[in-house]
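Notes for the one structure printed next.
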Amino acid sequence: MLDVIHITKSYRSGRGHLKALDQVSFTAAPGQAVAVAGRSGSGKTTLLHCIAGLEVPDEGRIVCHGKDIFQLPEKERQQWLRTGVGIVFQSGNLLSYLTVSDNIAFPLQLGGWPRGDIVRRVDELLQRIALPHAGGALPHELSGGELQRVAVARAMAHRPRMVLADEPTASLDTATAAEVVKLLMGVCRQENTILLMSTHDQAVMAAADRTVSLMDGRIDNTPPGNR
Amino acid sequence: MKRMAFWLRVAVLFLVRSGRVTLVLALMIFTAVTALVFLSSLATGVNDAMIRNTVGLYTGHISGANLPAALTPETLQVDGVRRVLRRYPIPGMLRAGSHLVPVTLVAVAPAAEAAMTGLPRKVIDGRYLAPASDQILLSAYLAEQLGVTTGSSLFFVDGRTQSEDGFTVSGIYRTEVDRLDYGVAFVAERERDADREPWQAAIFLDAGASPERVTARLEKRVPGDAVFQSWLDRMPDLRQLIDLNRVSMNLVTLLVFSVVAIGVACAFVVVVLKNLREYGIMRSMGVTVGDVACLIGAEILFLSILAALGGVLAGGLIVGLVAHTGIDLTVFTSHNRYFTLSGIIYPRATVYALAIPPLMAVGFSLLAAIWPIALIAHKKVADILRMV
Ligand SMILES: Nc1ncnc2c1ncn2[C@@H]1O[C@H](COP(=O)(O)OP(=O)(O)OP(=O)(O)O)[C@@H](O)[C@H]1O
Ligand SMILES: [Mg+2]
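Heads up: the protein sequence lines correspond to chains D and X, in order.
Residue numbering for the first sequence follows my numbering, starting at 545 and increasing by one per position.
Residue numbering for the second sequence follows my numbering, starting at 1310 and increasing by one per position.
Below, the structure is given as structure tokens:
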């Protein structure tokens, strides 16, 4: 279970004091796909960063499977990032000088998996993302859609408790986007992982089990038809 | 251990796959190390040449004085000694016509002197002494004072016995070294000289033998009034010059690598900034600042070790090539008393010259890692990830 409880985050910038998130609360269950929707600047990225533990909120708590992430000591929080979370960004996900296989294996290496298990898991994921022969390729040899599929595989590799995807399809065409979302949701459901996807894309929202809408940093409860 | 191996592998892959950046950085370190290995070897060569010139002209590495007639040159042949030349100093007066000049006449073995010392090559008129002859070799100054030239006859009055001996001038020399140009003249030794005492020794050492240690050995072997003095004690000025040469070489090395370190740091900062997003991604996967430091440190370490080894090899090779022919610096040395025989420098790569530049290169490069590491450590992961 993921509990997001009254998260508030403000930034001080050239524009003055800005509340990027204001008392945001919701829950998500394992195997569930939640779309985080909202206009540009509504706070989607900030929310995902807070949930991942990359950004510390001013108020509120994130509790995942009984762990209050911001109460964890620094060392355990790093450990949580290594084992509990998988992240997919809009683009530029992979380490350019590692092969596809090495990229997928990266979180497994960090987690200290045995060698044999790593090889098996990487093979399994390459099959799953339908790139069984791309293991030896370098990122610059792949297309945008293929890169996002590899990113999905890497985010899933270490069997995290939750996967956070920040506009994973924003730089893809409609058909490829649908394919990547299908893959992401499929793997998460199969491995019983919580999935949070921020998106502008109606199709993604429709595919998700649930949509959390953000509006200027607050949860927007207006029914979709009235927006 | 396994984790370490993982980061080392990532570092190697980074270097291999960022070929151009790696090459540029490696080239910088490589060139610096090559140049410094060569320069250090050249400095050693200059020092060698000064010692060779000063020692080889006449005195040998160690000079022995006050030696009793009973002592044979063979006795002085201790470990590290290549050859011992025996010389008999005889104080007295040279007389030619009405000219009378006080000198120390030195009876020498001409063949051995010609083989070991450079004085025969400093003859500017006539020739060096023939063995067991009645010839005398004069400095240009002495010849002028006596008003004689090559082929002239003159007399030597022994200061102790007042006996007179006739000689023919075989040749005239000039060395630019005061002790040889004024107050001494040379004759070939004869049978009757054998029981003269005290005699003097010019002791030449094997290459690489320590003058101090051999002197100590000689002092142990010959107790009594005998005095042994190595060139180090005899010529504190040369010793200082050599030390000065070494110190300035070390300073140059230090400066060059400070500059190289700044270059490496700048280049790596640029590389890190270019790949900043990748470091952000890594850190979002739970890679700690310590791990990143490990990674960048390993990258720089590998790069500098390889480049430095290459530099040592290239530098050593150049030294090896030039060591045979030597570099003729006579233009810069011809009026210098430390280069009386030859201004040709033979660079010599000592262990020191081969070890210090690469060690400094690696050490300074590691220092250069601090900046890019600090850069990543100071940036918030979330901020890095927001940059496109
Ligand atoms: N580091 C920061 N400093 C100041 N303001 C920031 C910072 N990061 C984000 N903001 C502001 O916080 C608000 C929310 O930003 P966020 O990136 O979360 O929006 P978003 O919903 O992800 O937008 P988009 O759809 O364009 O990605 C924005 O108004 C943004 O300008
Ligand atoms: Mg965003």
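Each residue gets a CB set at the ideal place from its N, CA and C atoms; glycine is no exception.
Fair warning: this is a prediction, and the values are worked out from it, not measured in the lab.
Please compile the residues from chain B whose C-beta is within a distance smaller than 7 Å of the C-beta of residue i.
i         : result
D/Ile-631 : Any reference to chain B falls outside this structure, whose protein chains are D and X.
In its own chain, which residues sit with a C-beta less than 6 Å from the C-beta of residue i, not counting the 5 before and 5 after it?
i          : result
D/Gly-575  : Arg-733 and Asn-736
X/Trp-1508 : Leu-1376, Arg-1395 and Tyr-1397
D/Glu-599  : His-593
D/Arg-698  : Asn-647 and Ile-648
D/Arg-605  : Ile-549 and Asp-612
X/Ala-1358 : Ile-1654
Alpha carbon to alpha carbon, how far is residue i from residue j?
i          : j          : result
X/Ser-1479 : X/Ile-1653 : 29 Å
X/Leu-1684 : X/Val-1578 : 8 Å
X/Thr-1562 : X/Ala-1658 : 15 Å
X/Tyr-1588 : D/Asp-745  : 29 Å
D/Asp-646  : X/Ser-1557 : 49 Å
D/Asp-566  : X/Ala-1670 : 54 Å
X/Tyr-1647 : X/Ala-1617 : 34 Å
X/Glu-1506 : X/Pro-1400 : 12 Å
D/Thr-779  : D/Leu-739  : Since the first residue of chain D shown is 545 and the last is 771, residue 779 of chain D is not available in this structure.
X/Ala-1494 : X/Leu-1348 : 41 Å
X/Tyr-1655 : X/Thr-1642 : 14 Å
X/Ser-1472 : X/Val-1410 : 16 Å
X/Cys-1575 : D/Leu-642  : 24 Å
X/Arg-1530 : X/Leu-1385 : 8 Å
X/Leu-1527 : X/Pro-1520 : 10 Å
X/Ala-1374 : X/Val-1496 : 19 Å
D/Gly-610  : D/Met-741  : 22 Å
X/Ala-1691 : D/Val-568  : 19 Å
X/Ala-1330 : X/Lys-1583 : Per the sequence presented here, residue 1330 of chain X reads as Val, with Ala not at that position. Straight-line Cα distance between these residues: approximately 11 Å.
D/Leu-727  : D/Ala-577  : 12 Å
D/Gly-582  : X/Ala-1677 : 45 Å
D/Ala-543  : D/Thr-590  : Any property of residue 543 of chain D remains undetermined from this structure, which presents chain D solely from 545 to 771.
D/Met-545  : D/Pro-676  : 33 Å
X/Gly-1619 : X/Phe-1339 : 6 Å
X/Tyr-1450 : X/Ser-1539 : 28 Å
D/Pro-617  : X/Ala-1602 : 21 Å
X/Leu-1414 : X/Gly-1629 : 44 Å
X/Val-1536 : X/Asp-1542 : 12 Å
X/Val-1457 : X/Thr-1524 : 40 Å
X/Val-1580 : X/Lys-1689 : 18 Å
So, for residue i: in the same chain, excluding its five sequence neighbours on each side, which residues have a beta-carbon less than 8 Å away from its beta-carbon?
i          : result
D/Ala-691  : It should be noted that the sequence gives Leu, not Ala, for residue 691 of chain D. Taken in chain order, the residues that qualify are Ser-635, Asn-637, Leu-638 and Pro-683.
X/Gly-1625 : Val-1346, Ala-1658 and Leu-1663
X/Asn-1362 : Gly-1427, Tyr-1647, Phe-1648, Thr-1649, Leu-1650 and Ser-1651
Among the residues of its own chain, which have a CB less than 7 Å from the CB of residue i, if the five just before and after it don't count?
i          : result
X/Asn-1554 : Ala-1352, Val-1355 and Asn-1356
X/Glu-1485 : Arg-1646 and Thr-1649
Please determine, among the options, the residue with the shortest C-alpha to C-alpha distance to residue i.
i          : options                                           : result
X/Glu-1498 : X/Val-1531, X/Val-1319, X/Val-1628 and X/Leu-1438 : X/Leu-1438
X/Met-1591 : D/Ala-681, D/Gly-761, D/Pro-658 and D/Phe-650     : D/Phe-650
D/Ser-687  : D/Arg-664, D/Leu-652 and D/Val-724                : D/Val-724
X/Leu-1455 : X/Glu-1485, X/Pro-1681 and X/Leu-1403             : X/Leu-1403
D/Gly-680  : D/Gly-689, D/Val-694 and D/Leu-716                : D/Val-694
X/Met-1337 : X/Val-1466, X/Val-1569, X/Val-1690 and X/Ile-1605 : X/Val-1569
D/Trp-624  : D/Val-578, D/Ser-557, D/Thr-552 and D/Gly-597     : D/Gly-597
D/Glu-603  : D/Ser-554, D/Leu-758, D/Ile-763 and D/Thr-643     : D/Ser-554
D/Met-700  : D/Thr-720, D/Ala-722 and D/Ile-673                : D/Ile-673
X/Gly-1328 : X/Ala-1516, X/Leu-1638, X/Leu-1675 and X/Glu-1608 : X/Glu-1608
X/His-1687 : X/Ala-1677, X/Gly-1492 and X/Leu-1585             : X/Leu-1585
X/Val-1393 : X/Ala-1405, X/Val-1412, X/Gly-1365 and X/His-1408 : X/Gly-1365
D/Pro-658  : X/His-1633, X/Lys-1311, X/Val-1342 and X/Ala-1518 : X/Lys-1311
X/Gly-1406 : X/Ser-1567, X/Thr-1470 and X/Phe-1464             : X/Phe-1464
X/Ser-1674 : X/Ala-1632, X/Val-1660, X/Phe-1611 and X/Leu-1638 : X/Phe-1611
D/Leu-716  : D/Ser-557, D/Asp-661 and D/Val-748                : D/Val-748
X/Tyr-1660 : X/Trp-1316, X/Ser-1350 and X/Ala-1320             : Looking at the sequence itself, residue 1660 of chain X is Val, so the reference to Tyr does not match. The shortest Cα separation from X/Val-1660 among X/Trp-1316, X/Ser-1350 and X/Ala-1320 belongs to X/Ser-1350.
X/Val-1321 : X/Ile-1605, X/Gly-1517 and X/Ala-1416             : X/Ile-1605
Hey, is residue i close to ligand 3, as in C-beta under 7 Å from one of its heavy atoms?
i         : result
D/Lys-588 : Ligand 3 is not among the ligands present in this structure, which contains only ligand 1 and ligand 2.
What are the uninterrupted segments assigned as beta strand (DSSP E) that are 3 or more residues long and contained completely in the segment 699 to 739 of chain D, given in chain order? 706 to 710
Going along the chain, which unbroken runs of the beta strand (DSSP E) with 3 or more residues stay wholly within the segment 624 to 663 of chain D? 629 to 632
- prompt: On the three-pair Cβ rule with 8 Å, is the segment 624 to 631 of chain D touching the segment 693 to 708 of chain D?
  reply: At 8 Å Cβ cutoff, the stretches touch.
Exercise. For the 8 Å Cβ check, are there 3 or more pairs between the segment 1473 to 1487 of chain X and the segment 1437 to 1457 of chain X?
Worked result: yes
Item checked: Entirely enclosed beta strand (DSSP E) segments - the segment 1478 to 1507 of chain X, minimum 3 residues -> 1493 to 1497
| query | What runs of the alpha helix (DSSP H), each 4 residues or longer, lie entirely inside the segment 1443 to 1467 of chain X? | reply | 1449 to 1455
* Between the segment 1355 to 1373 of chain X and the segment 1510 to 1524 of chain X, do three or more beta carbon pairs fall short of 8 Å? -> yes
task: Can you check the segment 1523 to 1567 of chain X for any alpha helix (DSSP H) of at least 4 residues that lies completely inside it and give the ranges in chain order?
output: 1540 to 1543
* At which residue ranges does the segment 1317 to 1384 of chain X contain complete beta strand (DSSP E) runs of 3 or more residues, listed in the order of the chain? -> For secondary structure counted as the beta strand (DSSP E) over 3 or more consecutive residues, the segment 1317 to 1384 of chain X holds these complete runs in sequence order: 1371 to 1376.
Q. Should the segment 648 to 663 of chain D be called in touch with the segment 1593 to 1610 of chain X, which here means at least 3 C-beta pairs below 8 Å?
A. yes
* Asked: Is the segment 750 to 763 of chain D touching the segment 1541 to 1550 of chain X, taking contact as three or more C-beta pairs under 8 Å?
  -> no
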